[in-house]
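Chain order of the listed sequences is A and B. Anchor point for the first sequence: position 213 equals 213 in this note's numbering, and the numbering is continuous, going up by one each time. Position in the second sequence (from 1) plus 1000 gives the number in this note's numbering.
There are 2 protein chains.
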Amino acid sequence: MSEREVDVVVIGAGPAGENAAGRLAEGGLEVAIVERELLGGECSYWACMPSKALLRPAQALAEARRVHGAREAVGGKLDVGAALERRDEIIHELDDSGQVPWLEERGVALLRAEGQLEGERRVRAGDDLLTARRAVVVASGTTAALPPIEGLEAARPWTNREATTAKAAPERLVVLGGGVVGVELAQAWASLGSKVVLVEAMDTLIAREEPFAGEQVEEALRDAGVDVRMGARATSVRREEGGDATAPVSSAPGDEGCDAPVARGDQPAGGEAVVELEDGDSVRGDELLLAVGRAPRVDGLGLDTVGLTADGPLAVDERMQVGGLGWLYAVGDVNGRAPLTHMGKYQARIAADQILGRGTTAAQWDGPLAPRVIFTEPQVAAVGHTLDSAREAGVDVRAVDYPTGGVAGSSFHGRGGSGTARIVVDEQRGVLIGATFTGPDVAELLHAASIAVVGEVPLERLRHAVPAFPTRSEVWLRLLEGYGL
Amino acid sequence: MSEREVDVVVIGAGPAGENAAGRLAEGGLEVAIVERELLGGECSYWACMPSKALLRPAQALAEARRVHGAREAVGGKLDVGAALERRDEIIHELDDSGQVPWLEERGVALLRAEGQLEGERRVRAGDDLLTARRAVVVASGTTAALPPIEGLEAARPWTNREATTAKAAPERLVVLGGGVVGVELAQAWASLGSKVVLVEAMDTLIAREEPFAGEQVEEALRDAGVDVRMGARATSVRREEGGDATAPVSSAPGDEGCDAPVARGDQPAGGEAVVELEDGDSVRGDELLLAVGRAPRVDGLGLDTVGLTADGPLAVDERMQVGGLGWLYAVGDVNGRAPLTHMGKYQARIAADQILGRGTTAAQWDGPLAPRVIFTEPQVAAVGHTLDSAREAGVDVRAVDYPTGGVAGSSFHGRGGSGTARIVVDEQRGVLIGATFTGPDVAELLHAASIAVVGEVPLERLRHAVPAFPTRSEVWLRLLEGYGL
């Protein structure tokens, strides 16, 4: 048991926590960071990074197959073993030692323990008790949400963790939920050989995006052999044990008690998961992936010791301060503003600058309007409003659509490369307030829209930013022409 | 012989001319367009489009080979025949009939003839004499420049036309000139099997771009087996006829007299081209590609009939008007402002809006600072100033560099994916005035920079435009952090 005083304590070393700690330390403060699992967090090991690693080989291959001259060289099949090996490399075999030097170089003290508030500006980290002279930053992230479906826990479902670290493709995979995690991992495993069923209770996938995005992703999933069940509500789940059910029972999702990261995907759950649907039908799989949302990790943070309670996200203001306490901040997914790695890092910069006393501005655009990419094929890249969300917000808007692949630059990127580009224009202000691009490999088209939207560049100026010929970015030209410019 | 009156006559149906005609017609004017060769112009058949078609297969294949899981499926070699077939498809086998409906739908009259001014607002087009009520728009483009090197013409060199339409890869190709055309076609043919020598008189390739761009392209060319001769000045050229020199003598470059497009690359020139260098060395090839710049096509335009002369570009003001005549415009490469297809189309929109009496603004950023992409591997994408050009312009600037591939998003795009990203910041105004990206497949990263530069988005605002994780656009984050934001 030791006591120690620093300027700032950061709880959680995912991207948001690490970035806060790094920036604060670079700003001259003495910083300690407390992490119970891996430096780099969910994103680096069990979410963004491995899911993209699993998706990418099929996309690179599909693109080569669309390009004449290249396609003839592609005789073989995607090598699942090699793809999984590369995934393991990208997640560093769940070893975070490579991340330690980054903290060390910045003089950030690392405590490998569960961090818990113990009164004002005090954080317990295992045997250590830390006092923060200036601030405590909570960046504890989220866990997979467990929906109230009968029998779910006992059926030993996969969460994102098992689904991103599995050592082999399950023969049959049932995915519960057609949000971002659901569609990405359904497509990834289908491309790696699994027979996938996707069960979504609503009538649309990735429902917050433009309707055409969900439709196009649904079509692509079906083309890839995924059995997509829309408007299908799961009523109960069970696991029927098979004769070879020798695999250990895995931990339940949302289990806060595990001390070390566990790649629970390294062994099959055994038997067969059966999902009963409301309409009387049922679907079966060797594994069942739970992808129905995330729950902020607020339990066990000791919020009660500073007079707070939270059974949802840890609410913050635009400077990432919690409850007007002055010394307590929350950044990243735990605050629920925009559960995206890049926005967590953005919030970390905002909070750090605030703590450092730099006259920084408040967070902008970090709610549901934040830039976002879904890395399926077709990819979906969006920023700001959809047409519907703009209308709901009462803005006088007009949308212009154009086929993403309908420009000369797409000739070189495969004939299948269609998709849709949409801009949403605020008619009163003459600026973009939203843009969505779908199609193969559109992720890098997004940042131009983000700058236009966040920069509030008037359309009258935007027309002078000329996309180069023959790039696919020329779709901008068509969109602006479609608006009448 | 017929006489006819229309609102506007456009001379030249390349991208600039076509876009001017189309926009004017859509604006309600009666328009005639005069074209002596192919609708779509140099760009569509002998420049941008085929060169990208020749470059793309190797790049798509290289990318698939960099991605584990995909690479194992790529057992074969690039199929040169298939690549050339696709190139032929992209240039429509030099048949422009597919372009005719676009003009017809807009009611634009097409005259297939050489267009020539014959006094104020009058254009001769073969047997037709056109009178323009409002304006004449010259969009006659450029031809390959013929440098004063002894013996050049007699050596039957290729221009961009033969080099983009050749029916087979020459066994040995000598490229004279290391500008955009030279480096793109050197790399394209090397990837298709030619043994290439690139001769550049200066000490740097693509000299107007950031020095690191030329260096990286040079290294890539050498890695691809191209024999790059820097600081090598050609003093004379000759063709030594071989025993099998049965091929017809091809037209000389810059020959204005040809009535129909000729794919002179369909037969080898025969014998061996020998280039003597200043240092006493010589290089030899089956074909010799001339890529030392372009000459505006002003001869034969009848400029003298309206009191003008031009032995260089047809100078225009920022509204694309020539010589203060009020009725004469020049758009696209012939005006020399920014010889790039997208800027020609931009100028066409400016001129058309001017003629239509729309209160449009003048052209901005269409000089050497215009957005530009070189489609080699690594690609080079740039907008606005380089560090050198900004300093020469007397701006108080600071540059920030970051490896283009130094972000998480690059993990999925091949390990070779490095390159350099540079922003050039105007310190007084706090805005970007230039950006350059090099690396594989960076073309689509450019438009974000173009919007930031042309939109003059303050850096203090730009920091709130957050690149999505894990995209390669996150290099923006590092660049802004490098600047101190």
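Where is the CB? At the ideal position from N, CA and C, for every residue including glycine. Predicted, not measured: the structure shown is a model, and the values here were computed from it.
Query raised in the report: Which chain B residues sit within Cβ distance under 8 Å of A:Met49?
Result: Listed by position along chain B, the residues whose Cβ is nearer than 8 Å to that of A:Met49 are Ala1408, Ser1411, Pro1470.
Report task. Using alpha carbons as the reference points, say which of B:Ala1125, B:Val1475, B:Val1316 lies closest to B:Leu1301. Result -> B:Ala1125
Report task. Quick one: give me the first and last residue of the beta strand (DSSP E) that B:Gln1321 is part of. Result -> It is not in any beta strand (DSSP E) - B:Gln1321 carries neither H nor E in the DSSP assignment.
Report task. Tell me where the beta strand (DSSP E) around A:Pro296 begins and ends. Result -> 294-296
**Report entry** Inter-residue Cα distance where the pair is A:Arg349 and A:Ser97
**Finding:** 24 Å
Query raised in the report: Of the residues A:Arg106, A:Val275, A:Glu5, which one's Cα is nearest the Cα of A:Leu176?
Result: A:Val275
Query raised in the report: Is it buried or exposed for A:Ala207, if we count other Cβ within 10 angstroms and need 16 for buried?
Result: exposed
Query raised in the report: B:Gln1099 CB to nearest chain A CB: under 8 Å?
Result: For B:Gln1099, the nearest beta carbon of chain A is not closer than 8 Å to its own beta carbon.
Query raised in the report: In chain order, which continuous runs of the alpha helix (DSSP H) of length 4 or greater are located wholly inside the stretch 1196-1242 of chain B?
Result: 1211-1223
Query raised in the report: With distances taken between CB atoms, is the gap from B:Val1425 to B:Arg1391 smaller than 8 Å?
Result: Taking the C-beta atoms as reference points, B:Arg1391 is found no nearer than 8 Å to B:Val1425.
Requested in this report: Could you name the residues of the same chain whose beta carbon sits closer than 6 Å to that of B:Pro1248, not counting the 5 residues immediately before and after it, in chain order?
Outcome: Its pLDDT being 39, under 50, B:Pro1248 is placed unreliably by the model, and the measurement read from it follows with that caveat. The answer is none, since no qualifying residue turns up.
Query raised in the report: In chain order, which beta strand (DSSP E) runs of at least 3 residues are fully inside the stretch 1050-1138 of chain B?
Result: 1109-1111, 1115-1117, 1122-1125, 1128-1138
Query raised in the report: For the candidate residues A:Arg121, A:Ser51, A:Asp95, whose alpha-carbon lies nearest to that of A:Leu38?
Result: A:Asp95
**Report entry** Nearest neighbour of B:Pro1015, chosen from A:Val475, A:Leu479, A:Tyr483, A:Phe469 [CA to CA]
**Finding:** A:Phe469
Query raised in the report: For A:Ala362, is the classification buried or exposed, using 16 other Cβ atoms within 10 angstroms of its Cβ as the cut-off for buried?
Result: exposed
**Report entry** Bounding residues of the alpha helix (DSSP H) (the contiguous stretch that carries A:Pro440)
**Finding:** First-last for A:Pro440: undefined, no H or E at that position.
Requested in this report: Please report how far the alpha carbon of A:Ala155 lies from the alpha carbon of A:Ala144, in whole angstroms.
Outcome: 15 Å
Requested in this report: Alpha carbon to alpha carbon, how far is A:Ala269 from A:Trp158? Give it in angstroms, no decimals.
Outcome: 9 Å
**Report entry** Distance between A:Gly323 and A:Glu5 (C-alpha atoms, nearest Å)
**Finding:** 23 Å
Query - CB of A:Ala381 within 8 Å of CB of A:Tyr402, strictly - result: Taking 8 Å as the Cβ cut-off, A:Ala381 and A:Tyr402 do not qualify as a contacting pair.
Query raised in the report: Are the C-beta atoms of A:Pro467 and some chain B residue less than 8 Å apart?
Result: Yes, because at least one Cβ of chain B sits closer than 8 Å to the Cβ of A:Pro467.
Query raised in the report: Under 8 Å, do A:Val9 and A:Ala25 count as touching if we go by C-beta distance?
Result: no
Requested in this report: Measure the alpha-carbon distance for B:Asn1335 versus B:Leu1314 and round it to whole angstroms.
Outcome: 5 Å
Query raised in the report: Who are B:Ala1025's beta bridge partners in DSSP?
Result: B:Ala1025 is not bridged to any residue.
Query - Pick from B:Ala1220, B:Asp1128, B:Ala1113, B:Gln1267 that is closest to B:Glu1171, judged by C-alpha positions - result: Ranking the options by Cα distance to B:Glu1171, first place goes to B:Gln1267.
Query raised in the report: If you drop the 5 nearest sequence neighbours on each side, which residues of the same chain put their C-beta closer than 8 Å to that of A:Ser194?
Result: Ala169, Pro170, Glu171, Arg172, Leu173
Query raised in the report: DSSP state of A:Thr471, grouped into three classes?
Result: Assigned with DSSP and collapsed to three states, A:Thr471 falls in coil, not helix or strand.
Report task. Assign A:Glu35 to one of three DSSP states: helix, strand, or coil. Result -> If DSSP states are grouped into helix, strand and coil, A:Glu35 belongs with coil.
Query raised in the report: Do B:Leu1432 and B:Ala1448 come within 8 Å of each other at the CB atom, strictly closer than that value?
Result: no
Query raised in the report: What are the residues that DSSP puts in a beta bridge with B:Ser1002?
Result: B:Asp1128
Query raised in the report: Would a check of beta-carbon distances place B:Val1457 closer than 8 Å to chain A?
Result: True, the Cβ-Cβ gap to chain A drops below 8 Å.
Report task. Quickly, what does DSSP pair B:Val1380 with across the bridge? List them, please. Result -> B:Ile1374, B:Thr1438
Report task. Have a look at A:Glu215, A:Gly367, A:Asp223 and flag the residue whose alpha-carbon is nearest the alpha-carbon of A:Glu318. Result -> A:Gly367
Query raised in the report: How big is the Cα-Cα spacing for B:Val1180 and A:Arg161?
Result: 48 Å
Report task. For B:Asp1079, go through chain A and note every residue whose CB falls closer than 9 Å to its CB, in chain order. Result -> His68, Gly69, Ala70, Arg71, Glu72, Ala73
Query raised in the report: Exposed or buried, B:Asp1286, counting other C-beta atoms within 10 Å across all chains shown (16 or more means buried)?
Result: In this structure B:Asp1286 is buried. Its beta-carbon is surrounded by 16 or more other beta-carbon atoms within 10 angstroms.
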